[in-house]
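Residue numbers (the UniProt record's numbering): 1 to 542.
Even for Gly, the Cβ is constructed at its ideal location relative to N, Cα and C.
Taking it in order: structure first as structure tokens, then the write-up.
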Amino acid sequence: MVFEISSVVSKLQMVSTSDHSSVVSMNLFVALLCACIVIGHLLEENRWMNESITALLIGISTGVIILLLSGGKSSHILVFSEDLFFIYLLPPIIFNAGFQVKKKQFFVNFMTIILFGAIGTLISCAVITLGASQIFEKLDIGPLELGDYLAIGAIFAATDSVCTLQVLNQDETPLLYSLVFGEGVVNDATSVVLFNAIQSFDLNHIDPSIALHFLGNFLYLFVASTMLGVLTGLLSAYIIKKLYIGRHSTDREVALMMLMAYLSYMLAELCYLSGILTVFFCGIVMSHYTWHNVTESSRITTKHSFATLSFVAEIFIFLYVGMDALDIEKWKFVSDSPGTSIAASSVLLGLVLVGRAAFVFPLSFLSNLAKKSPNEKISFRQQVIIWWAGLMRGAVSMALAYNQFTMSGHTSLRSNAVMITSTITVVLFSTVVFGLMTKPLIRLLLPHTPNHKEINIVIATDASTPKSATVPLLGSAQDSEVDIDSIHRPSSIRALLRTPTHTVHRLWRKFDDAFMRPVFGGRGFVPVEPGSPSERNGHQWR
Numbered sequence: 001m002v003f004e005i006s007s008v009v010s011k012l013q014m015v016s017t018s019d020h021s022s023v024v025s026m027n028l029f030v031a032l033l034c035a036c037i038v039i040g041h042l043l044e045e046n047r048w049m050n051e052s053i054t055a056l057l058i059g060i061s062t063g064v065i066i067l068l069l070s071g072g073k074s075s076h077i078l079v080f081s082e083d084l085f086f087i088y089l090l091p092p093i094i095f096n097a098g099f100q101v102k103k104k105q106f107f108v109n110f111m112t113i114i115l116f117g118a119i120g121t122l123i124s125c126a127v128i129t130l131g132a133s134q135i136f137e138k139l140d141i142g143p144l145e146l147g148d149y150l151a152i153g154a155i156f157a158a159t160d161s162v163c164t165l166q167v168l169n170q171d172e173t174p175l176l177y178s179l180v181f182g183e184g185v186v187n188d189a190t191s192v193v194l195f196n197a198i199q200s201f202d203l204n205h206i207d208p209s210i211a212l213h214f215l216g217n218f219l220y221l222f223v224a225s226t227m228l229g230v231l232t233g234l235l236s237a238y239i240i241k242k243l244y245i246g247r248h249s250t251d252r253e254v255a256l257m258m259l260m261a262y263l264s265y266m267l268a269e270l271c272y273l274s275g276i277l278t279v280f281f282c283g284i285v286m287s288h289y290t291w292h293n294v295t296e297s298s299r300i301t302t303k304h305s306f307a308t309l310s311f312v313a314e315i316f317i318f319l320y321v322g323m324d325a326l327d328i329e330k331w332k333f334v335s336d337s338p339g340t341s342i343a344a345s346s347v348l349l350g351l352v353l354v355g356r357a358a359f360v361f362p363l364s365f366l367s368n369l370a371k372k373s374p375n376e377k378i379s380f381r382q383q384v385i386i387w388w389a390g391l392m393r394g395a396v397s398m399a400l401a402y403n404q405f406t407m408s409g410h411t412s413l414r415s416n417a418v419m420i421t422s423t424i425t426v427v428l429f430s431t432v433v434f435g436l437m438t439k440p441l442i443r444l445l446l447p448h449t450p451n452h453k454e455i456n457i458v459i460a461t462d463a464s465t466p467k468s469a470t471v472p473l474l475g476s477a478q479d480s481e482v483d484i485d486s487i488h489r490p491s492s493i494r495a496l497l498r499t500p501t502h503t504v505h506r507l508w509r510k511f512d513d514a515f516m517r518p519v520f521g522g523r524g525f526v527p528v529e530p531g532s533p534s535e536r537n538g539h540q541w542r
């Protein structure tokens, strides 16, 4: 009896010690987040640094300090978890990007974005897979199977759309931002789908039907994920418009917007779809309809809440990756042959460079062939920036690598440890070096000279709206003030092909006015319910 009591007491003491350690770890991590924000603010005007690189460097520095204090036993406060990344950190970042994206630039370049994000990712994956399978055998890394090489291709084909948000400015370079970030969203979704397909297919019996099966599966996932995001966004707009919750409680309508945005991501994961695509298009639809149906105070609250959650999640990710990069358990397996790890990292970095170049320049050429106006074509300088800005690898690559080469974050095989340490090295090098050089490269190749059109767009943008929330789908802030009837109507098929953007824009606005806004609300629509915020806006859009 006395032994049982002492055993229970010892267990309670262990639990208490564990809880206290967790509290200490969380306190330290939150303090580091605060430090990242403060230092990032002080470096705001720096042409080289941005907050993501700042957080990464602070994470690495903290990892070194913890490593020294623990006597080389540990370097991080929290262990990298792909569940934490995919379920809690990534959704607010992607949603906010869709919520604030310039919709005209995104949809005008939609086919180019799909071309880069889907076809380009497959090309990059193929180049990396073939290169790795040929070179790694000569490096004597260890036993790697065909599935491992294909997974390596999917892992390193995934660009870092989170870091893209930091190094590109959609107001200064809207075309580049829409292309690189839009491609990044589709790229991440394609990489995850490809990675899951590799794990699910039987690679011992390869035949042509597998390629057709994968293509059909990808098209299904893309369309279904997009439709789920659109439907969830429309449902939120309809509920808030019909119930007009804000007349009783602005807290409820803000909470409902946030929860339904997150629900779209979780529903996609529940249905084995792409949560990244779903939550991105949910953000676009919510900014077009739902956001205009809430009260003025809720608009301001949601605008800043989504931006804040996204900002904190971005800083969290890079701090997290920086600290986990020095995990001693992973590096001890390659300590006896550091040259092999360095060689593997160099090979992978070179393949990333070649793999991206293999699709950016050829696909840009094909995209330019379909564009009649010289202003719409992607210049060679812009192609160089698109190639460079997409070289960064981040937490998506880390999460997929951990999934393939570790078991719950741990590994006991040398070949797996080499791949994990090589992934960490590529992520750190590409984020810091390529990220630092992106802004100066843009200033060098595309010196910014504001023109009359940009000034008009800035003036036309309402300060009380989120970025681009005044923009209808396929429309800009400037276009939204133009009467539909004033837009040139093509009188023939040839004219339609010459002005497809204006034509689609006009048809969309007529459809939106006639069918969508009466049901789902949005800017400028006068609802049946008296006293709603949309009624106060009146017919200003028209």
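- Residue state for residue 248 is assigned as coil, using DSSP reduced to three classes.
- Proximity to residue 400 across 43, 60, 36, 84 peaks at 84, based on C-alpha coordinates.
- In the pairwise beta carbon analysis, the stretch 106-121 is classified as touching the stretch 170-182: at least three pairs are separated by under 8 Å.
- Nearest to residue 325 by alpha-carbon distance, out of 227, 421, 434, is 421.
- In the three-state reduction of the DSSP assignment, residue 101 falls in the coil class, being assigned neither a helical nor a strand state.
- At the C-beta level, residue 176 and residue 386 come within 8 Å of one another.
- Fully contained in the stretch 116-155 is no beta strand (DSSP E) run of length 3 or more.
- For residue 294, the three-state secondary structure derived from DSSP is coil.
- With distances taken between CA atoms, residue 361 lies nearest to 120 out of 430, 437, 300, 120.
- By the criterion of at least three beta-carbon pairs nearer than 8 Å, the stretch 389-397 is in contact with the stretch 431-448.
- Listed in chain order, the beta strand (DSSP E) runs fully inside the stretch 400-432 amount to none, counting runs of at least 3 residues.
- A residue is called buried once 16 or more other Cβ atoms fall within 10 Å of its Cβ, and residue 350, having fewer, is exposed.
- With contacts defined by Cβ atoms closer than 8 Å, residue 261 and residue 405 do not form a contacting pair.
- Inside the stretch 251-292, DSSP marks whole alpha helix (DSSP H) runs of 4 or more residues at positions 275-285, from first to last along the chain.
- With a contact defined as Cβ atoms closer than 8 Å, residue 98 and residue 240 miss out at about 18 Å.
- When the beta-carbon positions are compared, residue 156 and residue 352 come within less than 8 Å of each other.
- Per the coordinates, the alpha-carbon of residue 130 lies some 21 Å from the alpha-carbon of residue 403.
- Of all C-beta pairs linking the stretch 308-319 to the stretch 50-58, three or more are shorter than 8 Å, placing the two stretches in contact.
- Per the coordinates, the alpha-carbon of residue 415 lies some 10 Å from the alpha-carbon of residue 148.
- Here DSSP, grouped into helix, strand and coil, assigns residue 42 to helix.
- Taken through DSSP and simplified to helix, strand or coil, residue 217 comes out as helix.
- With the rule of 3 Cβ pairs closer than 8 Å, the stretch 276-283 counts as touching the stretch 224-234.
- Taking all protein chains in view, the Cβ of residue 194 is crowded by 16 or more other Cβ atoms within 10 Å, so the residue is classified as buried.
- DSSP places residue 241 within a helical segment (H, G or I) once states are collapsed to three.
- Listed in chain order, the non-local C-beta contacts of residue 163 below 7 Å within the same chain comprise 52, 392, 394, 431, 435, local neighbours out to five positions each way being set aside.
- Between residue 344 and residue 141, the C-beta gap is smaller than 8 Å, which places the two residues in contact.
- Where residue 515 is concerned, there is no enclosing alpha helix (DSSP H), because DSSP gives it neither an H nor an E.
- Per the C-alpha coordinates, the member of 186, 340, 275, 90 positioned closest to residue 138 is 340.
- Taken atom to atom, the span from the alpha-carbon of residue 237 to that of residue 219 is near 27 Å.
- Under the three-state reduction of DSSP output, residue 159 falls in the coil class, being neither helix nor strand.
- In the three-state DSSP reduction, residue 231 falls in the helix class (H, G or I).
- DSSP, reduced to helix, strand and coil, places residue 392 outside both helices and strands of the structure shown, so it counts as coil.
- For residue 169 and residue 105, the gap between their C-alpha atoms comes out near 13 Å.
- Residue state for residue 447 is assigned as coil, using DSSP reduced to three classes.
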